[in-house]
Structure formats: C-alpha cells, structure tokens
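See structure below.
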Amino acid sequence: MIDSFYRIFALIRKELLAILKDPKSRVTVFVPPILQCLIFGYAASYDLNHVPYVVLDRDHSGASRALIATIDRNGAFDRVATLQKTSEIPDQITEKRAAVAVVIDRDFERQLMAGKTAKIQVIADGRNTNTAGTAQGYLNTITADFAKKWRDENGFSEKPGVQVITRAWYNPNLETRWNMIPSLIGTITMMMTMILTAMSVAREREAGTFEQLLVTPYRPYEIMIGKALPSMLVGLIQATSILLVAQLWFRIPFAGSYFVLYLNLIEFLAASVGIGLFISSISKNMQQAMIGSVIVMMPFMLMSGLTTPIMNMPDVLQYLTYLNPLRYAISMTRQIYLEAAGISQLLPEMLALLAIAAVTLPIAAWMFRNRLA
Amino acid sequence: MIREQLAKRRQSIRRVVALTRKETWQILRDPSAIAIGVILPLLMLILFGYGLSFDIKNLPVAVVVEHSSEDTTSAVSALRLSRYFVVHPAGTMADAEVMMSKQKVHAILRFPPNFSRDVAKGDATLLVAVNATDANTARIASTYVKGAISTWQARDAKDGSPMPEMPNVAIENRMWFNDANQSQWFLVPGVIVLVMTLIGALLTSLVIAREWERGTFEALFATPVRPGEILLSKTIPYFVMGMIGLALSVIGSQLLFGVPLRGSLWLLVVVSSLYLLVALGIGLVISSVTKSQFLANQITFLVTFLPATMLSGFIFDIRSMPVGPQVVTQIFPARYFVSSLQTLFLAGDVWAVIIPDAAVLALMATVLMAIAIKSTRKRIE
Numbered sequence: 000m001i002d003s004f005y006r007i008f009a010l011i012r013k014e015l016l017a018i019l020k021d022p023k024s025r026v027t028v029f030v031p032p033i034l035q036c037l038i039f040g041y042a043a044s045y046d047l048n049h050v051p052y053v054v055l056d057r058d059h060s061g062a063s064r065a066l067i068a069t070i071d072r073n074g075a076f077d078r079v080a081t082l083q084k085t086s087e088i089p090d091q092i093t094e095k096r097a098a099v100a101v102v103i104d105r106d107f108e109r110q111l112m113a114g115k116t117a118k119i120q121v122i123a124d125g126r127n128t129n130t131a132g133t134a135q136g137y138l139n140t141i142t143a144d145f146a147k148k149w150r151d152e153n154g155f156s157e158k159p160g161v162q163v164i165t166r167a168w169y170n171p172n173l174e175t176r177w178n179m180i181p182s183l184i185g186t187i188t189m190m191m192t193m194i195l196t197a198m199s200v201a202r203e204r205e206a207g208t209f210e211q212l213l214v215t216p217y218r219p220y221e222i223m224i225g226k227a228l229p230s231m232l233v234g235l236i237q238a239t240s241i242l243l244v245a246q247l248w249f250r251i252p253f254a255g256s257y258f259v260l261y262l263n264l265i266e267f268l269a270a271s272v273g274i275g276l277f278i279s280s281i282s283k284n285m286q287q288a289m290i291g292s293v294i295v296m297m298p299f300m301l302m303s304g305l306t307t308p309i310m311n312m313p314d315v316l317q318y319l320t321y322l323n324p325l326r327y328a329i330s331m332t333r334q335i336y337l338e339a340a341g342i343s344q345l346l347p348e349m350l351a352l353l354a355i356a357a358v359t360l361p362i363a364a365w366m367f368r369n370r371l372a
Numbered sequence: 000m001i002r003e004q005l006a007k008r009r010q011s012i013r014r015v016v017a018l019t020r021k022e023t024w025q026i027l028r029d030p031s032a033i034a035i036g037v038i039l040p041l042l043m044l045i046l047f048g049y050g051l052s053f054d055i056k057n058l059p060v061a062v063v064v065e066h067s068s069e070d071t072t073s074a075v076s077a078l079r080l081s082r083y084f085v086v087h088p089a090g091t092m093a094d095a096e097v098m099m100s101k102q103k104v105h106a107i108l109r110f111p112p113n114f115s116r117d118v119a120k121g122d123a124t125l126l127v128a129v130n131a132t133d134a135n136t137a138r139i140a141s142t143y144v145k146g147a148i149s150t151w152q153a154r155d156a157k158d159g160s161p162m163p164e165m166p167n168v169a170i171e172n173r174m175w176f177n178d179a180n181q182s183q184w185f186l187v188p189g190v191i192v193l194v195m196t197l198i199g200a201l202l203t204s205l206v207i208a209r210e211w212e213r214g215t216f217e218a219l220f221a222t223p224v225r226p227g228e229i230l231l232s233k234t235i236p237y238f239v240m241g242m243i244g245l246a247l248s249v250i251g252s253q254l255l256f257g258v259p260l261r262g263s264l265w266l267l268v269v270v271s272s273l274y275l276l277v278a279l280g281i282g283l284v285i286s287s288v289t290k291s292q293f294l295a296n297q298i299t300f301l302v303t304f305l306p307a308t309m310l311s312g313f314i315f316d317i318r319s320m321p322v323g324p325q326v327v328t329q330i331f332p333a334r335y336f337v338s339s340l341q342t343l344f345l346a347g348d349v350w351a352v353i354i355p356d357a358a359v360l361a362l363m364a365t366v367l368m369a370i371a372i373k374s375t376r377k378r379i380e
C-alpha cells in the first residue's frame, strides 16, 4: 500500500516535471487560459453594440426624425449613412457597409396623426442570420417605445393594458458575459486537460517509454492515477486563473461557495481526464491522439449549451448531451457562480460526472495493459 | 546550358513527386487522417445544422395564479397554445422558485391576486422572473411573454369595450440573402473554416514536427532535396485533403440543408485555396520553430483553431465587438475567409467584399510561406 503511494508519487513528480521544466511548455499551459478568457470575454457576446445601419427617411417629418433620433440614442446601432434613394440600399448591405437598413414610409407622420399604424421597413443582412434576427428584435423594442412616447406626447390617451414587469434573476442586467465567462472555466480547462493527457501518454508511446513503464512493478491503475492527477492539477490551476480574471478583471460577482465549486471541478476534471486517457489508450501516436481529442472535443463544445441552449436542440441530440461532461460543467458553474447553488441543488450534475469518470478511468487503465499488441 | 537546366528541373520535379507520394502513403496508412478529412466535416455539418439553434421553442415556464378567474384561465391557455412555452402550473411562488432552482423551468409568470379586477380597470400587472444565467435565452423569453400577453389582451381579455385603434408603428421585416431565416445557411461557412484550419494548420504542424522529432528531417537534408521541394511535397497532399474536405462540406450542405451557392464555384475554390495556403503556412512555421509535436499542437490550437471558432465572425459578429477585440480579429486569417464564404454562399460574387479579403489572405500566405522556407534551411543545430 505504502509502496503503491510512493510509486504513484514518483510518477506524478515525473509528469509534472515533464510539463513544467520546459519554459515554452510552461507558457503554453498557463498563459493561454487567461488570454482566451480575456478575448472571449469581450468577443463572445450576442448583444449588439454599434452595429452599422443606414436610414432612408422618405417622410422628412418631425415624427420620422424623432424615430431616427431614438434609434441613434439606443447605442446598439451606429448610423453610417443617410440615404436619399431606395436604389442606394442594395450596395450598402451587399458590400457590408451596413448590417441593417431602416426605411421610413412617406406618410409616416400622417398615419400616426390619424391614429393609425404607420409603417417602417427593416432590411437586415441575412448573411449573419443571428445578428439580423437580433437587430430586428432590438428595433421592435425601440419602435414600440417610440410609439408609446409619441402617443403620450400627442395626447392619445390610452388604456394602459397589462403591464409585464420582468425581473432578471441572477444576472440583473442580462449581460451575456456573465454567463459566458463562468462557462469558459469548464470549456477551457476541458480542452486543455484532455489534450494534455491524451498527448502525454501518446508521446510516451511514440518514444517507447510507455512500454518500459508497463514492465515496471507499476499496476495499470497506478499508471492511470499517475497520469490523471498531474493533468487535473494543471486544470485546477487554469480554472483558478480564469476565476480570478472573471472577478478581478470583469468584476462578475461570485455568488456561490468556493468549496462547492472546487469539489465539482475536481469531479469534472476527473471525467475529462478520463476521456483523454481513454483516447490515448486507443491511439498509437500523437497524431491519432490529437485528432481523436479534436473529434471528441468538437461535439462536446457545440452540444454543451455554451453557444446555444440545449433545450433548442432536437430531442435525439438532447439525449446525447447527457453523455457530455461539459454540459454538466457549464450548467454547474453557472449555477454555483451566479445562483449560489449548494450541493443538494447540484446532485444530478455531480452524479452524472461521477458516473462518466467511473466509466472512463477504469476502462483507460484496463486498456493500458491489454492494448499492448 | 539550356539542356542542363532542363535536366535539373526534371530532376527537381521527380524528387517532389517521389516525396509527395511518400507523404500521401503516410496519410493513407493512418486512419486518423482520413477521419479528420472525411468524418469530421460530415460530423460538423450535422452538429451545426441540427444542433445549433437560437430559435426558442418549448421554453418551460412556471405559472403561479394567485386568484383564479376567467381572465387568468384564458391567459394561461393562450400561453399553453403558444409554441414557445410549456406551462408548468405551480401552487405558490415558493413552489415556483424551487422549480426554477432545480432548472425545471426557466421563467416564472405570476398573476397577482387582483389581476382580473385590474384588467377590467385597465392597469393590470403581470410579474415575470426569468433565469438570466443564460442572458440571451432570458431576453428572448421575456420578449415572447410580452408578445403572448399583448396578443391575448387584444383578443380575449374581458376588459369591457374593445380597444380603439391607436397610433402605432409596425415593422415590416426583410432578411436579405436568407428570407426564411435558416440558421444553417449561415453556419456552413463555419464548418468549412474549421475543417480547413484543422487539416491545414493542426495536422500539418504535427506531421512536420514529428519529422523534426524523429530526425528524419535531418536525414532529408543529407540528400540532394532542396528546402522548397521538401515544403512543396509536404503541402501538396494536405492541400488536396483540405480540398476534399471543402467538397464534402459544400455537397453535404446542399444535400442536407439546401444551402445555396450563389457565387461562382471557381471563386470559392480560389478563396479557399488561399486560406488553406495560409493555414498550411502557419502549420509549417510553428512546427519548424517548435520542433516538438506536443508544443506544435498546443500553439497551433491556440493561434488557429480558437480564433477560427470565436474571432472569425461565424458565431459572434465582429461588428458588435469592442474596438480592441475587433483589432485582434484582423491579425487572424479566419475572419477574412468567413466573410468571403458568407458572401459567396448567400450573396454572390460581391467584388467589394471578396477582393480585399482575398488580397489579405494572399499576402498572409506569401509571407508565411517565405518564413517557412527560410526556417527550413538546411541547418542542423
């Protein structure tokens, strides 16, 4: 038993040395997570900011100018040109000078004065369907606000109707960044640790030192632990650095408990490293390990709820996401970070991650011994 | 004299052909290379096409009715009929909060006790709480709730007289290039850029770094082969692989999702070739600088794959980013490729977009290849 500890300890030391002794490798392990977190924190957002738009005002009335001023003030759109003719619109959109064109009809003000519905036309560049849809949504809200204000100012008394008062829990200003950055803790560490683990075993296989390891008194599970723990440790350090960036740089308040977060992270990293070890155990060389990791990582990232919610997916794909450790990691980091979730709330996620780790790690250990053909 | 040069050239071609053949065999022998060239594009097409969707449907919401009346019943059934919501009735607000924390529902709609009376008076309130741990979904959800309630009110509310028409503004929405608002149409360029990046940069950097690691590069230096010939024979097979990936993505996207190719095919091939050359150049430079598979893999992943996913504009629109990240995106080749791809597929041959993009890619390819040739000089350290 004690011997076993010593052996595992020696292996862990050797692994950490292999990762940390080379300055280039040290940099590639610890700097990228912070850089990625910073860049993605700013870049990865569905909120519209300063999107270029053009306007064609055919009414030239007080009301149409007020509407344009309302759009300009909103901040989501930047007016890059004021057009005179309809024929100018196609070039503006097609050549990407503007993402949206707003056309105000000739009798805009007259319709409003007559108590009718005035029309505007919104043309969006559908090459980026997502931006186009979001922009149309923003403009809907802006014009609805404008119409309400116009009615108030021009003496159209109205029955107020049902007022819907919305409160956004856990993220009061509805900032994408607040859910994106906590989600990156799982995404970045998984990507890095899975590849790190898969490549480290594959490297030894290519160099032939893995076979040497197998003829030593090491038992397969000891090798497995010796390979898994250093990667998990690196993953925890990376997670901590992202957590620091989230709080110190982006100032996203951490609502939950660090103990619960780290407990879950350890479980999640065990599951990711287990998958990495499993990939490495079926790879002959580093090329196969790398390609294997990419082919596994890609669906994990896309089907995790990071970029689009899981509930929008077709049922079959939704069931498949139950096998995806990143899905649980993202859901639990958001819950801990923003909702201050405790262990009882997170039980489903924790059990699922435990199950994934409990399947992949032993299989990898078994494969180490038995794949050696 | 001329004959001598011709003979030299012929020998050079022979050497390139021989090395290319060796490289091709090496690719074909390892099933993982086929996996990345053939399986990956198809897998990504399917995942992108069916998996990534921003359209909310069946959003689970809890509804708390504190005093049941004709109005609340008809409002709730209006919500039930909407395809956006799945209604879970909750007895009290506390119950609803538990459902929210268990992630069973994403929003709570609360009808206050005097809702019905207030509707008749004309100043009722409906309280909505959305779980904003997913801000985008929360925003869409609250818009949909407002929409459903105002539709219900206009049609079914028991508020006495029907509302007279009020001055209002209606928007007629048009989405150019993608009238039916199909998100698959805009995600296909993403598949192509990722496939090209993986094959061009990641795979190539690994393969060349392996030769450095094993010393077979030094062995090649001892032969009459020149550095340019080595690089040429390394790029040709991966270039062909990348083009196969492109063909699969284009054919797959047409068959599965009916994505139109409105621009010309030859232009698509030219722009893709340029990007592929840039990716290959990055792979060659990184591998000859690091000379280690492990490092080459980590660095290539960082400078090509991640920017291609997050900073290329295929998911997150560059125009919405703050100035700093916008400048950063200009360093990476992926944004120029994605912009050209989106235009070629959906808009057509828009020269004002494609010429600048292609020029930047061509410049990047030239510089990278020059650096690659320089750093592959016959030098043994």
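Protein sequence lines correspond, in order, to chains L and E.
At position 197 of the first sequence the residue is numbered 196 (numbering that gives the first Met the number 0), and the sequence of numbers has no breaks.
At position 359 of the second sequence the residue is numbered 358 (numbering that gives the first Met the number 0), and the sequence of numbers has no breaks.
Beta carbons are placed, not taken as given, at the ideal position from N, Cα and C, and that holds for glycine.
Because the structure is a prediction, the values reported are computed rather than measured.
Interface residue (Cβ-Cβ distance to chain E less than 8 Å): residue 50 of chain L is classified as such. With a threshold of 8 Å between beta carbons, residue 274 of chain E makes no contact with chain L. The C-beta distance from residue 43 of chain L to residue 309 of chain E rounds to 6 Å, short enough to fall under 8 Å. Shown here for residue 249 of chain L: same chain residues with a beta carbon closer than 7 Å to its own, the five before and five after excluded, namely 40, 176, 180 in chain order. If you draw a straight line from the Cα of residue 0 of chain L to the Cα of residue 211 of chain L, it comes to about 22 Å. For residue 92 of chain L, the chain E residues whose Cβ falls inside 8 Å of its Cβ are 175, in order along the chain. Here residue 199 of chain E has 237, 241, 275, 278, 279, 282 as same chain residues with Cβ atoms under 7 Å from its own Cβ, once five neighbours each way along the sequence are excluded. Taking all protein chains in view, the Cβ of residue 151 of chain E is crowded by 16 or more other Cβ atoms within 10 Å, so the residue is classified as buried. The alpha-carbon of residue 75 of chain L is positioned some 18 Å away from that of residue 314 of chain E.
Flagged as an interface residue toward chain L: residue 50 of chain E, by a C-beta distance shorter than 8 Å. If you draw a 10 Å sphere on the C-beta of residue 326 of chain E, you find fewer than 16 other C-beta atoms in it, and that means exposed. A distance below 8 Å separates the beta carbons of residue 188 of chain L and residue 238 of chain L. When Cβ-Cβ separations below 8 Å define contact, residue 119 of chain L makes contact with chain E. It is roughly 14 Å from the alpha-carbon of residue 67 of chain L to the alpha-carbon of residue 117 of chain L.
Look at the segment 173-238 of chain L and you find these whole runs of alpha helix (DSSP H), each 4 residues long or longer: 175-206, 208-214. The CB of residue 171 of chain E comes closer than 8 Å to the CB of 118, 119, 120, 121 in chain L, given here in chain order.
The distance from the Cβ of residue 196 of chain E to that of residue 333 of chain E is about 7 Å, consistent with a contact at the 8 Å cut-off. Annotation: residue 349 of chain L to residue 266 of chain L spans about 7 Å, alpha carbon to alpha carbon. Residue 206 of chain E and residue 284 of chain L have their alpha carbons spaced roughly 11 Å apart. At a cut-off of 8 Å, the C-beta of residue 165 of chain L has a neighbouring C-beta in chain E. Annotation: the continuous alpha helix (DSSP H) that includes residue 356 of chain E extends over 350-374. Below the 8 Å Cβ cutoff, chain L contributes 41 as neighbours of residue 323 of chain E, in chain order.
In this structure, DSSP gives residue 58 of chain L a state outside helix and strand, which the three-state scheme calls coil. Straight across, the Cα-Cα distance linking residue 6 of chain L with residue 192 of chain L is about 23 Å. Closest by C-alpha distance to residue 272 of chain L, out of L/199, L/253, L/308, is L/199. In this structure, the straight-line span from the alpha carbon of residue 307 of chain L to that of residue 12 of chain E is close to 50 Å. Taking the beta carbon of residue 346 of chain E as reference, the chain L residues within 8 Å of it are 93, 126, listed in sequence order. Per DSSP, the continuous beta strand (DSSP E) segment holding residue 124 of chain E begins and ends at 124-130. The beta-bridge partner set that DSSP reports for residue 96 of chain L is empty.
Taking the beta carbon of residue 296 of chain E as reference, the chain L residues within 8 Å of it are 194, 198, 285, 289, listed in sequence order.
When the five nearest sequence neighbours on each side are left out, the beta carbons in the same chain lying within less than 6 Å of the beta carbon of residue 85 of chain E are those of 57, 59, in order along the chain.
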